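Novice:
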Amino acid sequence: MQIIRAGEDVTAVRRALRGTLALVPTMGALHAGHLRLVQEAKRQAERVAATIFVNPLQFGPDEDLGRYPRQEARDLRLLEEAGCDLLWLPGAGDLYPDGFATSVSVTGISERWEGEARPGHFAGVATVVAKLLIAVAPDVALFGEKDFQQLAVIRRMVRDLSLPVEIVGVPTVRDEDGLALSSRNAYLSDEERARSVALPRALAEAAEAIRGGRAVEGALAEGRGRLLEAGFSGIDYFALVDAASLEPLTEVRAEMRLIVAAVIGPTRLIDNFPV
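Number 274 in the numbering used here belongs to position 261 of the sequence shown; there are no gaps in the numbering.
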């Protein structure tokens, strides 16, 4: 695996790389979900590149930028074992040099849900992803469906800017008990981790109820109640949305998603289920 660090010219390395290229952007602290992205990337293209960059633009002032897990040596080993060909570890100065004054904002689809709970988050996401795609110039880029709204924002951004890359969503990877894998799961205490399985269970039960003909609002209210009973201290949203537009739904349509964000202990977890 070729490693490019801060200050090195990733564009020149990309030009010398032969064959089609798939990109897996990450913020490090890799888990099996990231490795599934690499695995799928190997099916999508002849070469696989990954990036590790903890992007300050997508963290709010009271969020966990400073304590976000960082484990570079382990991440490098996992990527090499997974068959990654190229790894870029840019520094903040590579992506946001002195005087950097541009932001990519995707209106509409970014404004509800995570966009409302975390103002400025998706502008930070869209800006860094645009920079990574332009620098690496992959044929395909892969993102996990766990961050379903993020995936929708990136697809819209790529479409609107006519960037020559295919965006591929990869289904969420879960632990044996159903909890979606996330780097932030490391924040959970043993007790919180045990109680956190109420999140995917509430989604699964709501999805089954809606498919069975239960009124949407009743199924959502019951799901919220199950989370509070399990010890979640706050629920930012528990909603049924159109899978393409992410607009909230109160009745069944052809393709939908249940989405949720809830807080347990100091940790905010997100998840989603197709319906």
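Glycine residues also receive a C-beta, built at the ideal position from the N, C-alpha and C atoms. Predicted, not measured: the structure shown is a model, and the values here were computed from it.
What ranges does the alpha helix (DSSP H) occupy inside the region 120-185, keeping only unbroken runs of at least 4 residues that lie completely in it?
Specialist: Look at the region 120-185 and you find these whole runs of alpha helix (DSSP H), each 4 residues long or longer: 127-130, 134-149, 161-174.
Novice: Can you find the residues in the same chain that come closer than 7 Å, C-beta to C-beta, to L194, ignoring five residues on each side of it along the sequence?
Specialist: H44, A45, G46, V186, R187, D188
Novice: With R80 as the anchor, note down where its beta strand (DSSP E) starts and where it stops.
Specialist: From DSSP, R80 is part of no beta strand (DSSP E); its letter is neither H nor E.
Novice: With distances taken Cα to Cα, identify the nearest neighbour of L253 among V276, G247, L216, A275.
Specialist: The shortest C-alpha separation from L253 is found at L216.
Novice: Give me the residue from D22, P184, P213 with the minimum Cα distance to L48.
Specialist: P184
Novice: List in chain order: all unbroken alpha helix (DSSP H) runs of 4+ residues lying wholly within the region 29-109.
Specialist: 45-57, 85-95, 105-108
Novice: Am I right that D152 and V171 are in contact with their C-beta atoms under 8 Å? What's the rounded C-beta distance?
Specialist: Contact doesn't hold; Cβ gap of about 12 Å is too wide.
Novice: So what does F251 bridge to, in DSSP terms?
Specialist: V273
Novice: Quick one: what's got a C-beta closer than 6 Å to E268's C-beta in the same chain, skipping five residues either side?
Specialist: Result list for E268: A256, in chain order.
Novice: Can you have a look at F135 and say buried or exposed, based on whether 16 or more other CB atoms are within 10 angstroms of its CB?
Specialist: buried
Novice: If we ignore side chains and look at the alpha-carbon of each, how far apart do G247 and L30 end up?
Specialist: 48 Å
Novice: The alpha helix (DSSP H) that contains P213, what's its start and end?
Specialist: 211-224
Novice: Please report the straight-line C-alpha distance between R206 and P213, rounded to a whole angstrom.
Specialist: 12 Å
Novice: How long is the line joining the alpha carbons of E158 and T39, rounded to whole angstroms?
Specialist: Here the alpha carbon of E158 sits roughly 14 Å from the alpha carbon of T39.
Novice: Pull up the distance between the alpha-carbon of E260 and that of R60, whole angstroms please.
Specialist: 37 Å
Novice: To the nearest angstrom, report how far apart L155 and G191 are at their CA atoms.
Specialist: Distance between the alpha carbons of L155 and G191 is about 22 Å.
Novice: If you draw a straight line from the C-alpha of L100 to the C-alpha of I17, how long is it?
Specialist: 6 Å
Novice: Determine the contact status of R197 and G244, defining contact as a CB-CB distance below 8 Å.
Specialist: Contact annotation: R197 and G244 have beta-carbon atoms that are not nearer than 8 Å.
Novice: Looking at the structure shown, is A193 part of a helix, part of a strand, or coil, going by DSSP?
Specialist: strand
Novice: Take G236 and list the residues in its own chain whose beta-carbon comes closer than 6 Å to its own, dropping the five residues that flank it on each side.
Specialist: The answer, listed in chain order, is A215, A219, F251.
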